[in-house]
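Notes to accompany the following structure.
6 protein chains.
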Amino acid sequence: MRIVVTNCNTTQEMTEEIVRGARAAAGPGTTVTGLTPAWGPESAEGWLDSYLSAAAVLDILRTYDGPPYDAVVMAGFGEHGREGVRELVGAPVVDITEAAAHLACLLGRRYGVVTTLGRSVGQIEDSLETAGVARNCAAIVGTGLNVLDLGDDERTETAFLAAAERACAAGAEVLVLGCAGMTGLQRVVGEKLGLPVVDGVAAAVKLAESLVALGLTTSRVGSYAEPLAKRRVWGRPEHRQ
Amino acid sequence: MRIVVTNCNTTQEMTEEIVRGARAAAGPGTTVTGLTPAWGPESAEGWLDSYLSAAAVLDILRTYDGPPYDAVVMAGFGEHGREGVRELVGAPVVDITEAAAHLACLLGRRYGVVTTLGRSVGQIEDSLETAGVARNCAAIVGTGLNVLDLGDDERTETAFLAAAERACAAGAEVLVLGCAGMTGLQRVVGEKLGLPVVDGVAAAVKLAESLVALGLTTSRVGSYAEPLAKRRVWGRPEHRQ
Amino acid sequence: MRIVVTNCNTTQEMTEEIVRGARAAAGPGTTVTGLTPAWGPESAEGWLDSYLSAAAVLDILRTYDGPPYDAVVMAGFGEHGREGVRELVGAPVVDITEAAAHLACLLGRRYGVVTTLGRSVGQIEDSLETAGVARNCAAIVGTGLNVLDLGDDERTETAFLAAAERACAAGAEVLVLGCAGMTGLQRVVGEKLGLPVVDGVAAAVKLAESLVALGLTTSRVGSYAEPLAKRRVWGRPEHRQ
Amino acid sequence: MRIVVTNCNTTQEMTEEIVRGARAAAGPGTTVTGLTPAWGPESAEGWLDSYLSAAAVLDILRTYDGPPYDAVVMAGFGEHGREGVRELVGAPVVDITEAAAHLACLLGRRYGVVTTLGRSVGQIEDSLETAGVARNCAAIVGTGLNVLDLGDDERTETAFLAAAERACAAGAEVLVLGCAGMTGLQRVVGEKLGLPVVDGVAAAVKLAESLVALGLTTSRVGSYAEPLAKRRVWGRPEHRQ
Amino acid sequence: MRIVVTNCNTTQEMTEEIVRGARAAAGPGTTVTGLTPAWGPESAEGWLDSYLSAAAVLDILRTYDGPPYDAVVMAGFGEHGREGVRELVGAPVVDITEAAAHLACLLGRRYGVVTTLGRSVGQIEDSLETAGVARNCAAIVGTGLNVLDLGDDERTETAFLAAAERACAAGAEVLVLGCAGMTGLQRVVGEKLGLPVVDGVAAAVKLAESLVALGLTTSRVGSYAEPLAKRRVWGRPEHRQ
Amino acid sequence: MRIVVTNCNTTQEMTEEIVRGARAAAGPGTTVTGLTPAWGPESAEGWLDSYLSAAAVLDILRTYDGPPYDAVVMAGFGEHGREGVRELVGAPVVDITEAAAHLACLLGRRYGVVTTLGRSVGQIEDSLETAGVARNCAAIVGTGLNVLDLGDDERTETAFLAAAERACAAGAEVLVLGCAGMTGLQRVVGEKLGLPVVDGVAAAVKLAESLVALGLTTSRVGSYAEPLAKRRVWGRPEHRQ
């Protein structure tokens, strides 16, 4: 099967890193194709970025003309757009935020999320709440790192461990990596903490494979009916930064 | 004071209608300026439209170069984007969804929302929930009408009254017009129903005026800090419908 | 328009202070009339005081024979009675507790309340909950000051700032003055904290003006129908302290 | 032990009926003393009545000079005041609303309340919510009867059974009599419905006896500290109806 | 009346201690019979123990052939099984977890639970939640002591007081002994803390007596209908430890 | 990998049917081993059955001496025990109740559960609530069929469709088969209803495979630490029915 993984920002390197993570998680028969939005923010940090990203991700999927795919994984932790993608595409859609939470719920009584900036906490809270999996979330804690800072492995790890401690003090028994750019960190911090650590990209790939294998896709009854036919313009002719 | 009212879609007539409603509600010293997004959907019905609309509304505000304004009213009932606008602009921001609910809470123990299509119910639910005013919402009921059907006054009124009955049976003591395009309907249906009916556009104008008069604006601490400086592209060069 | 502002206690000086705050917030065409209950507690601190106050406020409104008014503002933060007043009077009724919370929700993702004694926290919690605006309240924190201590400005300010810090640590991005007697403090502490601070009296005046301007008043369907005609005695013949 | 039972209205006959119900429930060593407020409404139906009643009940307890008592039972279903009484008296205080719900929770997974007028539903909802026992309440249903109509046994029973059916359809497995004036009805409707029916007066007497027997009384730490010493006036000198 | 009190583990000494506590709480006409499961864990600490205990408690009641009883008290704090016992026996059933919470709700605005091991916190949380009385629970705090360590009075008391402090800091105004083995501790720690402390065994005995006195028993409509007739095997022929 | 699937009852035929469903869902490299408890109820319908089943399932896993396994799937919809199994075994554990809900949340905004008897509704509610996935559950509806009646395909299908309609009226956009014995029904009713229908057994197999593939297993920190070493007896020597 083919899974399309959409990065939520325009940074090609990040798409590649996410695709690496997705491929590491994918089963033998799964092909992973990464998509980088043609426009949008270079990293999504905050609500403005998130809404801009949502439109750009919808646009890249709307204009996709590659080989048919079986599922979409949306790789923006806490970012908006998943319900729109569910309307747009026929295949099942899994967002890494909800995916990580779904698996985390199976591994402990309460889970915690460690993310980048404190300003992202609210978006993640809302995303988990509307996905229906916030109930067992004990805490969402920021590390203070920017998305694009995550390249510095040592600093990231130190900041992650400090934030993880706060999540555990609040009752977390399982941790979730709260940013697609943290993919890869789960093994090393999991060992240091003695806790399962869930990466949303990997979780979403497995959930997407699961839905495809079971022949399940988004319900068209009610909320996620196909978009109505109408005139829509996707961005201004001469866009400015 | 000047209030900028943003339509959530590209239909100029709807902006004008909304501006008429806003002006009818505005106090003597208030100037209302309507903004129609330069791109986006011609009407917002569903999640895809809503996310596209959110980006387009952010864009029209980002590139606004008219006279300075004191507040923003976002006139898309149940549409996304308000948190992003709070990051973007220095002035206070009021979304008509939350505005209607805030006033409705003051008028009865439980309120109900009557909206257009059933597919919008979920968005409105989420919007009220995250705005913090869903607790006293007894029901959100669709009329089955499209946004662009709202021109037919008789049909709209009949459909509204039928949906209102269902909301009242669920406990609503106050009603909210669940679409910016319904502005103007509140008086006639209010009389027929013997209930207060709140129009979100009017409510938002009064709340915006209130915040401005009190010198209050969005907190920059935490969630709604200014957007980080970074590269962002607002729509693809050669956009397609 | 005329707004009647009811103090919740019998201390005339406090009524005057509240009226000053209300007038400062009121629009050009608004007349503010203060009412001091003819009986009740000299300050409302705790549940017994609050229930006594509620009956006395109902009584002063019931026997009011001044010029007609357009709205009632109830100026007891966290005090009981608003639903009864909604039954009693034909005009819209706004309680300062809910009013502050409604505006605070528009200014940040989570708000906090700073009040006088710790014993008031519970009443405020219940008042916000039943008003339908508790969801985004991050914390209610007491300063340890009595209502009648609030005259000492420096001590009040210091105690307020310490309590505000605790509210912010709990996630508050906006603050609410949790006592009518704190009116006036919002500007100075707002500047020191770099946060919007909402005064309930001012907020309630603007919301009352908004409802009046929009022709909205309390729903008579369901909870807030007019009181039934019956024999009621308002206080004992020879009352004792 | 002596239990003081406070009626919430000034109707002496109703006090006597409540006392009969309380005595039927009381254990062999328990003396029941009924108190009728010296002022207040002749029946409590709606919020205004409820707040007036709360002050009058506080007043009758404040000026009580009979033999010492061991507990207070407050016999107004859904009426206000219990937290104030907890501050005022040293003995444990049980309100019939919460009492009925506490026992009902032990008898089935979900309970329902059948009350008099629809306008009382909201007060009961709030009372159960703040008492901490609303979670397992499936429905609160009005019969349409006034408190003072309850004398007509056949009409009451018929209306009760119809309302009970609606509560059961909503999931109730146990019923609660939602008015002190319904005391006595539990046995006959219980048999007809094949369900346990809890009378709040009886429930409160047993809970009060239980607390006394275990030497438990209201915590003075935090919310229910003794009222502060201050000037309070309980009703206007020359009161008017 | 006769109350059967079921220990949740196989330790006869603990049954005796519980029975002593139950008898101290019981009214003059009440006979208390203790039952020790014929199998199960020697102490219940954790979910595996709890489920094993639930089956063993059901078994000892199923095969009970002593004199008829009027009520069952289940003396395992936070342990499973109460709904099954409600199906099985005709008499009312009270679990000490819910019982303590019901009484605690009457004594303060928020209560806290002090239990043994941290691993029990989750079970207690779930038990209070499903019993419908979690709303006013401020905190559940572990002392770090094993059930079988509770014999050391001084150590228990010290650990209890430290944990109680944390519960109070979280808002508890009343405390609950979170283990049947703590029975007896309530008086000494209550005095030291200046707070009411509720023992679940005593609370459950009083609630059971109350239900019996009022002629109330478990509803057979819906959730707690009698078990269906079918083949059931209670433990393997040659069981192994 | 090897997945052990535990039936919750002693009916070997049902184990076989479940294993068939599990194998149909399993990936190429997955071996499914069914386990039938050596004791317990012949079908689990109600709380008593559920607790008996939980102990019996724990026992069959505790005494398992087959080839090593990588994950456990617990195939009792709404039945107890999963937290105990998480303590007991080192491998990840997935219960079919939570599994179905996790996948259903990905497919629509609200899901509904169609189960056998009405008496099971409460157990399922509690199971979803504590698993942290109840938020988006619109309704749980009984068909009125016993577990052992499910053999009659036509009757089952008719009853399922009628119950499904009620779930959809309550807002469900996706359905869940609320009994392990319904496995196989998803395709036929899904087509008739035009909705995705999730089978818990299949869902749990995929989630178990996912966890194993990602190297994730139950957290040992906090709630699900290994059972303490102690004396436990699993069933009485000479058990009786």
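Protein chains in written order, with the working numbering: chain P, 1 to 241; chain L, 242 to 482; chain Z, 483 to 723; chain V, 724 to 964; chain E, 965 to 1205; chain X, 1206 to 1446.
Cβ atoms here follow ideal geometry from the backbone N, Cα and C, with glycine treated the same way.
Note the first and the last residue of the continuous beta strand (DSSP E) segment covering residue i.
i: E:R966; result: R966 to N971
i: P:P174; result: It is worth fixing the name first, because residue 174 of chain P is Val in this sequence and not Pro. Run containing P:V174: V174 to L177, per the beta strand (DSSP E) assignment.
i: E:L999; result: T995 to L999
i: Z:T597; result: Y593 to T597
i: E:V1058; result: V1057 to D1059
i: Z:V501; result: Unbroken run through Z:V501 is the alpha helix (DSSP H), Q494 to A507; no beta strand (DSSP E).
i: L:A312; result: A312 to A316
i: L:A404; result: Element bounds for L:A404: not the beta strand (DSSP E) but the alpha helix (DSSP H), D394 to A410.
i: P:V249; result: Limits of chain P in this structure are 1 at one end and 241 at the other, which puts residue 249 of chain P out of reach.
i: L:G307; result: No beta strand (DSSP E) contains L:G307, which DSSP labels as neither H nor E.
Can you give the Cα-Cα distance for residue i and residue j, rounded to whole angstroms?
i: V:H962; j: E:L1149; result: Since pLDDT at V:H962 reaches only 48, below the 50 mark, its modelled position is unreliable, and the value read off the structure follows with that caveat. Taking the straight line from one Cα to the other gives about 52 Å.
i: X:V1298; j: X:L1266; result: 12 Å
i: E:Q1205; j: P:L161; result: Bear in mind that the predicted position of E:Q1205 carries a pLDDT of just 42, short of 50, making it unreliable; the figure below should be weighed with that in mind. The alpha-carbon atoms of E:Q1205 and P:L161 are separated by roughly 41 Å.
i: L:A421; j: X:R1360; result: 48 Å
i: E:G1106; j: E:R1130; result: 10 Å
i: P:W39; j: L:R473; result: 7 Å
i: X:S1248; j: X:S1424; result: 31 Å
i: Z:L657; j: Z:A645; result: 10 Å
i: X:A1407; j: P:L214; result: 7 Å
i: V:N859; j: E:T1080; result: 28 Å
i: Z:E639; j: X:R1291; result: 53 Å
i: V:I847; j: Z:S602; result: 23 Å
i: V:L851; j: E:D1117; result: 39 Å
i: V:E740; j: V:A862; result: 27 Å
Report back the beta-carbon spacing between residue i and residue j to the nearest angstrom; my notes put them in contact at under 8 Å.
i: V:Y787; j: Z:A537; result: So it is not a contact: roughly 19 Å between Cβ atoms.
Need the endpoints of the alpha helix (DSSP H) that residue i sits in, please.
i: Z:T665; result: Counting along the chain, Z:T665 falls outside any alpha helix (DSSP H), and DSSP gives it neither H nor E.
i: E:Y1015; result: W1011 to R1026
i: X:A1407; result: G1405 to A1418
i: V:G845; result: V844 to A854
Closest by CA to residue i, which one among the options?
i: P:D70; options: P:D199, P:A139 and P:I3; result: P:I3
i: L:Y352; options: L:L358, L:A341 and L:S361; result: L:A341
i: V:L934; options: E:D1163, E:R1184, E:T1182 and E:T1181; result: E:D1163
i: X:V1394; options: X:V1319, X:S1258, X:E1222 and X:G1376; result: X:V1319
i: Z:A613; options: L:W288, L:M423, L:G270 and L:R350; result: L:R350
i: P:M182; options: P:E45, P:A169 and P:G151; result: P:G151
Residues in the same chain with beta-carbon distance under 6 Å from residue i, minus the five sequence neighbours each way, listed in chain order, please.
i: L:M315; result: T247, R323 and D336
i: X:R1441; result: none
Ordered along the chain, which non-local residues of its own chain (more than five positions away) have a Cβ less than 7 Å from that of residue i?
i: X:L1293; result: L1263, L1266, R1267 and P1432
i: P:T36; result: N7, T10, Q12 and T15
Apart from the five residues just before and just after residue i, which ones in its own chain have a Cβ nearer than 8 Å to its Cβ?
i: V:V856; result: E821, A824, H825 and C828
i: Z:A508; result: I485, V514, V687 and E691
i: V:L830; result: E896, V897, P919 and V921
i: V:E914; result: none
Quick check: does the Cβ of residue i come within less than 6 Å of any heavy atom belonging to the ligand FMN?
i: Z:A685; result: Ligands in the displayed structure: none, and consequently the ligand FMN is not present.
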